[in-house]
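Here the working numbering is used: position 90 in the sequence shown is 81, and no number is missing along the way. Data block below; observations after.
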Amino acid sequence: MTKRAVVIGVGHYLPERVIPNSWFESRVDTSDEWIRTRSGIERRHFAAEGETTSSMGIAAAKAALDDAGLAPNDVDAIILATSTPDLTFPSTATMVQAGIGMTRGFAFDLQAVCAGFVFALANANALILSGQANRVLVIGSETFSRILDMEDRATCVLFGDGAGAVVLEAQEGHGSSDDRGILAADINSDGRFRDMLYVDGGVSTTGTAGVVKMQGNPLFRQAVEKLATTADAALDKAGLGHGDIDWIVPHQANIRIIQGTAKKLQMSMDNVVVTVQDHGNTSAASIPLALSVGQARGQIKTGDLIVTEAIGGGLAWGAVVLRW
Ligand code: UT7
């Protein structure tokens, strides 16, 4: 028998306020046409005043626990992936822990920007396989609207807010790729690329939160190449190939990156869960949001083989292969 970390619940939360592309037309020199054709984004959600990364994380966590049929104290650990924490400390994860009424176990934040959820899944898997936790709530939650320069057309039109969560549980598998659960993970970073995507503020430098700065075009080229490579590496570790994939659930940064990566993986877009048109780039929240929406749409079903992949600031990138 082989221990596996199996997804037993999924949920998400999106703020009520929907911002269409036309909202930006009166603020910066852009157009709905440019945003749609260059990124695939049609609208995104922005958090309301008073809505925070923890409040959205709490809503997504509750939805995932409900889906799993579990109470908060049935979970041993929370890993919350975010680059937009409520406060410098304590961790947003501990705020979610208190907010859902979980009074045991442990909770911590993980920061790998847009790759945060993939890194969090890999780490939750390690906690489960090493016996440190039997059930882990893995959350991605972001309020990127709070770190956007609304005068920088190259970045402000691309990002949105939201949260998604999954519950992972230790279950016994047979050790084959037919098992449900996480079958392999591949995570990477290379700090030499830090200028491609960063925030120009921080606690020990400016004492401010800063705003997003991005070299979009070079990052685009890095993204397609690195996402396909990491997906292949994770598939290799799982002993699987392109033909075994039922769904790619990619980080939702740009439809052209999603299409380019799918092509490299020899997958039809019919087998890719796409939410970028409705959510924009929600950084660490984008994959759990897509998993939750993909299940609700009836795309992802129990037993399907899923490849998730993401890249973001760092650069940090990775992929997880799991059977739903
Ligand atoms: O989640 C982390 C990972 N994020 C990513 O991977 C994002 C990667 N990058 C991208 O998605 C794309 O590079 C963008 C969507 C950001 C840009 O698309 P692009 O095809 O790479 O365009 P570009 O940066 O080469 O810019 C083309 C033109 C430029 O004008 P000039 O220099 O050709 O005159 C930009 O100034 O488009 C201009 N531009 C805009 N025009 C209208 C940039 N932003 C806008 C805008 N509206 N919002």
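Idealized CB from N, CA, C, for every residue including glycine.
Ends of the beta strand (DSSP E) at R314? A307 to R314
Three Cβ pairs or more, each shorter than 8 Å: is that satisfied between the segment 119 to 128 and the segment 26 to 35? no
Simplified DSSP assignment, three categories, for Q257: coil
Quick one: using the 10 Å Cβ neighbour count with 16 as the cut-off for buried, is P279 buried or exposed? buried
Tell me, to the nearest whole angstrom, how far the beta carbon of H36 is from that of P11; I am working on the premise that it is less than 8 Å. Between P11 and H36 the Cβ distance is about 11 Å, and since that is not below 8 Å, they are no contact.
Three-state secondary structure assigned by DSSP to N12: coil
Closer than 7 Å, CB to CB, is D237 near chain D or not? The structure shown contains no chain D; it is built from a single protein chain.
Kindly list the residues whose CB is nearer than 6 Å to the CB of T305, restricted to its own chain and excluding five residues on each side of it in sequence; keep chain order. Note that residue 305 corresponds to Gly in the displayed sequence, not to Thr. The residues are S180.
Count the other C-beta atoms from every protein chain shown that fall within 10 angstroms of the C-beta of P209, then say buried if there are 16 or more, exposed otherwise. exposed
Confirm the yes/no value for this check: CB of R27, any heavy atom of ligand 1, distance under 6 Å. no
How would you call A39, buried or exposed, if buried means at least 16 neighbouring beta carbons within 10 angstroms? exposed
Can you determine whether any heavy atom of ligand 1 sits closer than 6 Å to the C-beta of V148, and answer yes or no? yes
Which of the three DSSP states is assigned to P76 in this structure? coil
How about A68 and A84: do their beta carbons lie closer than 7 Å? no
Report yes or no: do three or more beta-carbon pairs, one from the segment 261 to 274 and one from the segment 185 to 202, lie closer than 8 Å? no
In or out: L78 buried (at least 16 other Cβ within 10 Å) or exposed? exposed
Report yes if the C-beta distance between V129 and L112 is below 7 Å; otherwise report no. yes
How is D191 classed by DSSP in three states: helix, strand or coil? coil
Under the criterion of a Cβ to heavy atom distance below 6 Å, does S30 qualify as lining ligand 1? yes
CA-CA distance, V19 and A(-4)? 46 Å
Beta-ladder partner(s) of H3, from DSSP: G155
F110: first and last residue of the uninterrupted alpha helix (DSSP H) it sits in: G107 to L120
What I want to know is whether the C-beta of G251 ends up closer than 6 Å to one or more non-hydrogen atoms of ligand 1. no
Does at least one heavy atom of ligand 1 sit under 6 Å from the Cβ of F135? no
Look at the alpha carbon of A267 and the alpha carbon of A175, and state the distance between them as a whole number of angstroms. The identity of residue 267 in the sequence shown is Val, whereas the question assumes Ala. Approximately 25 Å between the Cα atoms of the pair.
Per DSSP, what kind of secondary structure is R171 in: helix, strand or coil? coil
Give the DSSP bridge partners of D235, in chain order. Bridge partners of D235: none, in fact.
Could you please give me the residues that DSSP links to K292 through a beta bridge? In DSSP, K292 forms no bridge with anything.
Quick one: what's got a C-beta closer than 7 Å to S283's C-beta in the same chain, skipping five residues either side? V1, G2, H3 and G155
What did DSSP end up calling A161 once you bin it into helix, strand or coil? strand
Member of T44, V158 and I236 whose CA lies at the smallest distance from the CA of T134: T44
Would M141 be called buried (16 or more neighbouring beta carbons within 10 Å of its own) or exposed? exposed
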